[in-house]
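Heads up: the structure comes next, in structure tokens.
Residue numbers (our numbering): 2 to 328.
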């Protein structure tokens with residue numbers, strides 16, 4: 002049985018990856034310090050013989066007994082609210098955490114896939130974004146802590162590949178959504194659905210003409226799975242190229258939820274990207290992958306998930322208190 006370590010296992014994407022690799026017959030070791038993750042995302046796996054969980058912060062030394070075939074590095078705050086509140090932890094998990102896991106991969110002779118992001122492109126001047134685009138990032142802006150953590154992560158990963166011969170893979174993840182997203186994490190889908198379910202006006206930042214491209218989680222997981230098992234060492238965009246303005250998306254949410262909320266406008270945050278659309282040519286050519294789930298289909302499933310939350314969860318305004326983690 003192949004053994005795989007998945008960091009950030011209790012998070013949105015990490016938990017779906019745990020499910021997929023369990024289904025594929027792997028022994029899955031989940032690791033998370035639970036700053037932004039939630040054990041309820043993986044509690045259904047605890048009874049399984051081929052799953053174990055380590056409550057650990059990967060910015061500290063990481064030890065896994067026994068053989069290890071693969072590592073998926075998905076530990077990181079991933080929402081703007083989180084990384085603005087815990088900027089240093091965000092930088093550390095992308096730098097020290099990645100360094101620790103690359104060292105583990107080297108010792109165990111394991112293949113490691115790191116989760117990068119479309120945020121490495123910053124507020125792009127090239128549209129759609131290809132993997133060859135170097136990006137337009139403000140290193141000292143408020144979002145820079147996340148963008149630069151991920152850019153450094155890519156650099157050190159390639160250095161370990163070229164210098165130490167570690168088998169590495171890099172996925173650049175574009176906006177992904179689905180069940181288990183956190184309600185109050187600042188991203189547009191949970192924000193809009195939460196507001197609609199609570200009967201609040203939908204909040205748009207800026208004029209609403211900025212664009213996003215939303216990829217359903219099952220499609221994202223399939224792309225990651227194929228990339229891990231491919232022979233390609235350079236970054237690959239995985240995302241759905243179906244682009245929509247935030248204004249039009251708000252209208253879709255109102256229609257989906259059957260509510261009659263107004264849309265209200267607030268100033269755009271600093272360095273918020275105005276366009277986001279992946280060029281997925283490489284994923285198609287190298288992995289035979291493309292997004293299959295339409296936004297209408299994926300949003301219906303996601304809405305049902307949010308509707309199933311308790312009134313207490315829906316009413317929560319603050320998802321996480323980070324005070325105990327801030328040193």
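Each residue gets a CB set at the ideal place from its N, CA and C atoms; glycine is no exception. Here the structure is a predicted model, which is why all the values come from computation and not from measurement.
Can you tell me whether residue i is buried or exposed, with buried defined as 16 or more other CB within 10 angstroms of its CB?
i, result
"residue 32", "buried"
"residue 148", "buried"
"residue 312", "exposed"
"residue 232", "exposed"
"residue 93", "buried"
"residue 271", "exposed"
"residue 179", "buried"
"residue 164", "exposed"
"residue 22", "buried"
"residue 2", "exposed"
"residue 295", "exposed"
"residue 151", "buried"
"residue 329", "With the chain covering 2 to 328 only, the question about residue 329 has no answer from this structure."
"residue 11", "buried"
Going straight from the alpha carbon of residue i to that of residue j, what length do you get?
i, j, result
"residue 34", "residue 211", "34 Å"
"residue 317", "residue 185", "8 Å"
"residue 201", "residue 261", "10 Å"
"residue 237", "residue 29", "24 Å"
"residue 235", "residue 297", "32 Å"
"residue 9", "residue 95", "12 Å"
"residue 209", "residue 117", "26 Å"
"residue 154", "residue 99", "6 Å"
"residue 286", "residue 76", "28 Å"
"residue 136", "residue 279", "13 Å"
"residue 244", "residue 214", "4 Å"
"residue 252", "residue 55", "42 Å"
"residue 102", "residue 230", "19 Å"
"residue 114", "residue 70", "11 Å"
"residue 85", "residue 144", "7 Å"
"residue 268", "residue 81", "15 Å"
"residue 126", "residue 273", "13 Å"
"residue 246", "residue 65", "44 Å"
"residue 97", "residue 60", "5 Å"
Does residue i come out as helix, strand or coil in the three-state DSSP assignment?
i, result
"residue 2", "coil"
"residue 84", "helix"
"residue 94", "helix"
"residue 235", "coil"
"residue 117", "strand"
Using DSSP bridges, identify the partner residues of residue i.
i, result
"residue 229", "Residue 229 pairs with nothing; no bridge assigned."
"residue 130", "279"
"residue 137", "123"
"residue 267", "206"
"residue 311", "Residue 311 is not bridged to any residue."
"residue 244", "214"
Using a threshold of 7 Å, is the CB atom of residue i nearer than that to any non-hydrogen atom of the ligand ZN?
i, result
"residue 167", "You won't find the ligand ZN in this model; it holds no ligand whatsoever."
Using beta carbons (cut-off 8 Å, strictly below), is residue i in contact with chain D?
i, result
"residue 20", "In the structure shown, chain D cannot be found, because there is only a single protein chain."
* Asked: Quick one: complete beta strand (DSSP E) runs, 3+ long, within the stretch 11-80?
  -> 28-33, 52-56, 71-74
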